[in-house]
Every structure is written in structure tokens, then in C-alpha cells.
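Take a look at the structure below.
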Amino acid sequence: DVKVTQSSRYLVKRTGEKVFLECVQDMDHENMFWYRQDPGLGLRLIYFSYDVKMKEKGDIPEGYSVSREKKERFSLILESASTNQTSMYLCASSNSGRGGIRGSEQYFGPGTRLTVT
Amino acid sequence: AQSVSQHNHHVILSEAASLELGCNYSYGGTVNLFWYVQYPGQHLQLLIKYFSGDPLVKGIKGFEAEFIKSKFSFNLRKPSVQWSDTAEYFCAVQPFKLTFGGGTRVLVKP
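As they're listed, the protein sequences go chains L and D.
Take the first sequence: its position 17, counted from the start at 1, is 17 in my numbering, and no numbers get skipped.
Take the second sequence: its position 1, counted from the start at 1, is 1 in my numbering, and no numbers get skipped.
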């Protein structure tokens with residue numbers, strides 16, 4: 001059973017703080033993803049990674065960076081948190097399969113609800 | 001850029017009613033198609049996936065979805081809903097990256 005865990009369920013930070021969100025998956029998946037979920041907008045892709053030390057920008061990368069030093073761990077970093085980054089953040093992972101990054105379904109973590117005040 | 005639109009933001013219905021949620025996407029090439037569901041307080045989980053083959057696909061919990069290529073649609077259906085189907089439903093399309101629709105909140109009244 002695939003398990004994707006995120007370091008915190010709820011987080012409150014102040015404007016300008018540096019924020020780290022951690023994600024760990026236990027199924028040896030090649031691909032990992034960070035999304036933010038906002039009402040009416042669904043999930044929007046921030047960054048993804050298809051291998052250790054590799055990263056690709058998603059649709060809304062501004063204000064974020066990522067780190068993937070180990071295969072099972074993918075970190076999202078907010079260098080200087082702002083109030084418009086208040087959101088639910090979801091991590092996901094997937095196998096590559098035959099189709100590469102589009103080859104299989106994504107498995108999601110429980111989410112971190114971040115509030116920036 | 002690809003986009004995914006879900007026709008309804010909120011749906012309210014009674015138990016035993018039939019449910020149909022619309023999903024349209026804008027991408028001309030080959031895509032993988034998904035419906036994900038998020039029950040209150042739970043993880044986002046896969047409900048249905050379509051990669052190729054029979055355009056009418058069955059998922060978990062009695063759900064099915066139909067891919068109509070000519071209409072760029074992947075609509076979700078369930079003939080008879082239960083109170084436990086109360087959740088938010090997301091359509092997603094994957095030519096490469098996964099792009100989600102805005103979601104539909106479904107409330108099933110007992």
C-alpha cells in the first residue's frame with residue numbers, strides 16, 4: 001500500500017519567514033509532485049521531480065523552490081512566505097512505468113494547510 | 001495551455017438519485033484521464049482512470065466514466081448515490097503533466 005506522508009497537517013507562519021514542507025513516499029517512486037489546492041481552482045502544479053536532484057517547474061512555480069536530495073523525499077520551500085501563499089499543499093508520487101512521467105496514477109499525501117499571517 | 005473545466009461547482013442531491021458530473025478538456029493529442037475524489041478530511045484518492053481501450057470505464061464504489069473523444073469529455077456517473085458519496089470530485093487530464101479541473105462539491109442528503 002502506497003504511503004505518502006507530509007511533515008505537518010497544519011502550519012502557521014508569519015510573512016517573510018522561510019517555510020519548509022516535507023514529503024516522504026515509501027514506494028520507491030521515481031516521480032514526485034507538489035501542488036497547491038485552492039477552492040474553485042482545483043489543484044495546481046508547483047514543481048515536480050522525475051529523479052533525484054532533478055526538478056521541473058510546474059504551472060505556478062513563482063515564490064517556491066524544491067529540493068530532492070533522496071529518492072523518497074521531496075521538499076517544498078517558500079523562501080519568503082507571503083499571505084497569498086496561504087493554501088493547502090499536497091504532495092504526490094508516481095511510478096514512471098512505460099509512459100515515463102505520464103505512465104501511471106499519482107498517489108497523494110494528506111496535505112498541509114499553511115496559513116501565512 | 002491545456003485546461004480542464006468541470007461544469008458544476010456544487011451539486012446537491014438525495015440518496016438514490018443518479019449523479020453525472022461533466023468534465024471537458026482542451027488538448028488535441030493523446031491524454032490519460034482521471035477522476036479523483038476527496039472525502040471530508042481524507043486524502044485525495046483515485047476513483048477512475050482511462051489510458052486507452054473501451055471508452056466506458058468502471059471505477060471503484062459503483063462509479064463509471066465515459067470518454068468521448070470527439071467532445072473532449074470524460075463525464076463521471078453513478079446510477080444511485082449514497083450519503084457516503086458526499087465529497088469533492090476532481091477531473092484530471094494528463095498529456096504529460098496532470099492538470100486538474102476546479103472540482104465539484106457533491107452533497108448527498110440522506
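Where is the CB? At the ideal position from N, CA and C, for every residue including glycine.
These figures come from a predicted structure and were not determined experimentally.
Kindly say whether residue i, judged by its beta-carbon, lies nearer than 9 Å to any beta-carbon of chain D.
{"i": "Tyr35 of chain L", "result": "yes"}
{"i": "Phe74 of chain L", "result": "no"}
{"i": "Phe20 of chain L", "result": "no"}
{"i": "Gln106 of chain L", "result": "yes"}
{"i": "Pro61 of chain L", "result": "no"}
{"i": "Leu114 of chain L", "result": "no"}
{"i": "Arg44 of chain L", "result": "yes"}
Using the C-alpha atoms, what's the distance from residue j back to residue i?
{"i": "Gln42 of chain D", "j": "Pro110 of chain L", "result": "7 Å"}
{"i": "Thr86 of chain L", "j": "Ala17 of chain D", "result": "37 Å"}
{"i": "Thr86 of chain D", "j": "Val108 of chain D", "result": "5 Å"}
{"i": "Leu56 of chain D", "j": "Met54 of chain L", "result": "37 Å"}
{"i": "Gln38 of chain D", "j": "Ser80 of chain L", "result": "30 Å"}
{"i": "Val81 of chain D", "j": "Tyr50 of chain D", "result": "22 Å"}
{"i": "Gln25 of chain L", "j": "Glu72 of chain L", "result": "5 Å"}
{"i": "Pro79 of chain D", "j": "Glu62 of chain L", "result": "43 Å"}
{"i": "Lys70 of chain L", "j": "Leu13 of chain D", "result": "46 Å"}
Are the Cβ atoms of residue i and residue j separated by less than 9 Å?
{"i": "Pro40 of chain D", "j": "Trp83 of chain D", "result": "no"}
{"i": "Leu78 of chain L", "j": "Val4 of chain L", "result": "no"}
{"i": "Gln2 of chain D", "j": "Leu21 of chain D", "result": "no"}
{"i": "Glu64 of chain D", "j": "Arg77 of chain D", "result": "yes"}
{"i": "Met32 of chain L", "j": "Ala92 of chain L", "result": "yes"}
For a cutoff of 9 Å on Cβ pairs, would you count residue i as touching chain L?
{"i": "Leu44 of chain D", "result": "yes"}
{"i": "Leu33 of chain D", "result": "no"}
{"i": "Gly147 of chain D", "result": "Lying outside 1 to 110, the shown extent of chain D, residue 147 of chain D is not represented and no answer is given."}
{"i": "Ala87 of chain D", "result": "no"}
{"i": "His7 of chain D", "result": "no"}
Would you call residue i buried or exposed, if buried means 16 or more other Cβ atoms sit within 10 Å of its Cβ?
{"i": "Val66 of chain L", "result": "buried"}
{"i": "His10 of chain D", "result": "exposed"}
{"i": "Tyr10 of chain L", "result": "exposed"}
{"i": "Gly103 of chain D", "result": "buried"}
{"i": "Arg14 of chain L", "result": "exposed"}
{"i": "Val12 of chain L", "result": "exposed"}
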